[in-house]
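K.L.:
Residue numbers (my numbering), protein chains in the order written: chain L, 2 to 113; chain B, 2 to 118. Please read through the structure below; I'll follow up with questions.
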Amino acid sequence: KQEVTQIPAALSVPEGENLVLNCSFTDSAIYNLQWFRQDPGKGLTSLLLIQSSQREQTSGRLNASLDKSSGRSTLYIAASQPGDSATYLCAVSYPLNNDMRFGAGTRLTVKP
Amino acid sequence: NAGVMQNPRHLVRRRGQEARLRCSPMKGHSHVYWYRQLPEEGLKFMVYLQKENIIDESGMPKERFSAEFPKEGPSILRIQQVVRGDSAAYFCASSPGTPGRTGNTIYFGEGSWLTVV
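Laid out in structure tokens, this is it:
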């Protein structure tokens, strides 16, 4: 069964802290993995896409890593800001599926 | 280039009524996906369509739910005889090809929030 789990479910940090969000998946035969951001009442914005052959991707203060063999990905956010407060979703694509499998998300609050 | 457009953004229906949610994909995108998000849960795949064809409806409930993507016009997700458990956010996404394949980034709409009272 292809399941995606995100830990923690919620995280609250003071502004300026570096933080790590975790994503694990049960079937390691993935095609790629994406991290999305979702603001309350809004749709999803793609942050980073990692192909199965890649180890990491970086965009600004965000760095996503992928360890296929252990079924894990992490999203590292450096120098967090209140504007980073949102829910972060991890989603995995598999070669023979037409859909993406989503985790339940980590709700991040960055306090000023 | 407008993004994925969904309407209505918010919809309230009484139990037993029908709900119709519309999705216009990004220009040039021929692949449309519908996902449902229940409170405090991740997105769950419902159906994948291309123009005039349902490619994969493995995530769609067998009864009361249907989807179409006609040759002209938006994709429609239709829920008949709604029940309270149908209350959720319904997200549409589009891509130029199969999601995640090189160059085929998937774009999500802002969602349609259905409340059944």
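Using N, Cα and C, we set each Cβ at its ideal position, and we do this for glycine too.
Is L:P113 helix, strand or coil by DSSP?
P.N.:
By one-based count along the first sequence, residue 113 of chain L stands at place 112. It is coil, neither helix nor strand.
K.L.:
Look at the alpha carbon of B:E176 and the alpha carbon of B:S76, and state the distance between them as a whole number of angstroms.
P.N.:
Within the shown structure, residues of chain B are numbered from 2 to 118, placing residue 176 of chain B beyond reach of any answer.
K.L.:
Using the Cα positions of B:R23 and L:Y32, report the straight-line distance between them to the nearest angstrom.
P.N.:
Your numbering for residue 23 of chain B matches position 22 in the second sequence. Your numbering for residue 32 of chain L matches position 31 in the first sequence. Taking the straight line from one Cα to the other gives about 30 angstroms.
K.L.:
Are the segment 101-109 of chain L and the segment 4-11 of chain B touching by the rule of at least three beta carbon pairs closer than 8 angstroms?
P.N.:
Verdict: no, contact absent.
K.L.:
In chain L, which residues lie with their C-beta within 7 angstroms of the C-beta of B:E42?
P.N.:
Here residue 42 of chain B refers to the residue found at position 41 of the second sequence. Result: A105.
K.L.:
Using 8 angstroms as the cut-off, can you tell me whether the segment 86-95 of chain L makes contact with the segment 37-49 of chain L, which would need three or more C-beta pairs spanning the two stretches below that distance?
P.N.:
Yes, the segment 86-95 of chain L touches the segment 37-49 of chain L.
K.L.:
Would you mind giving the Cβ-Cβ distance between L:V93 and L:M101, rounded to the nearest angstrom? I have them listed as a contact below 8 angstroms.
P.N.:
Counting from 1 along the first sequence, the entry for residue 93 of chain L is found at position 92. Counting from 1 along the first sequence, the entry for residue 101 of chain L is found at position 100. So it is a contact: roughly 6 angstroms between Cβ atoms.
K.L.:
Who are the near neighbours of L:P9 in its chain, counting only those whose CB is closer than 7 angstroms to its CB and skipping five residues on each side?
P.N.:
Working through the first sequence from its first residue, we reach residue 9 of chain L at position 8. Result list for L:P9: T107, in chain order.
K.L.:
Between which two residues does the beta strand (DSSP E) carrying B:A3 extend?
P.N.:
Along the second sequence, one-based indexing puts residue 3 of chain B at 2. No beta strand (DSSP E) holds B:A3; DSSP gives it neither H nor E.
K.L.:
Write down every uninterrupted run of the beta strand (DSSP E) in the segment 16-103 of chain B whose length is 3 residues or greater and which is fully enclosed by it, in chain order.
P.N.:
Runs found: 20-25, 32-38, 44-51, 54-57, 66-69, 76-80, 89-96.
K.L.:
Specify the secondary structure class of L:P9 as computed by DSSP and reduced to three states.
P.N.:
As a working mapping, residue 9 of chain L is identified with position 8 in the first sequence. Looking at L:P9 - three-state DSSP - the assignment turns out to be coil, as it is neither helix nor strand.
K.L.:
Bridge partners for L:Q35 per DSSP, in chain order?
P.N.:
Within the first sequence, residue 35 of chain L is the residue found at index 34, counting from 1. L:L50, L:A92, per the DSSP bridge assignment.
K.L.:
How would you write the range of the beta strand (DSSP E) that L:D68 sits in, first residue to last?
P.N.:
The residue you call residue 68 of chain L lines up with position 67 of the first sequence. Unbroken beta strand (DSSP E) run through L:D68: 63-68.
K.L.:
So which of B:T106, B:T116, B:P97, B:R79 has the shortest CA-CA distance to L:Q52?
P.N.:
Locating residue 52 of chain L in the first sequence gives position 51, where the first residue counts as 1. When each option's Cα is compared against that of L:Q52, the closest is B:T106.
K.L.:
Whole angstroms are fine: how far does the CA of L:K69 sit from the CA of L:G42?
P.N.:
Counting from 1 along the first sequence, the entry for residue 42 of chain L is found at position 41. Counting from 1 along the first sequence, the entry for residue 69 of chain L is found at position 68. Near 32 angstroms, if we compare the C-alpha coordinates of L:K69 and L:G42.
K.L.:
Give the secondary structure of L:P15 by DSSP, where H, G and I count as helix, E and B as strand, and everything else as coil.
P.N.:
For the purposes of this step, residue 15 of chain L is taken as residue 14 along the first sequence, with counting starting at 1. Correct three-state label for L:P15: strand.
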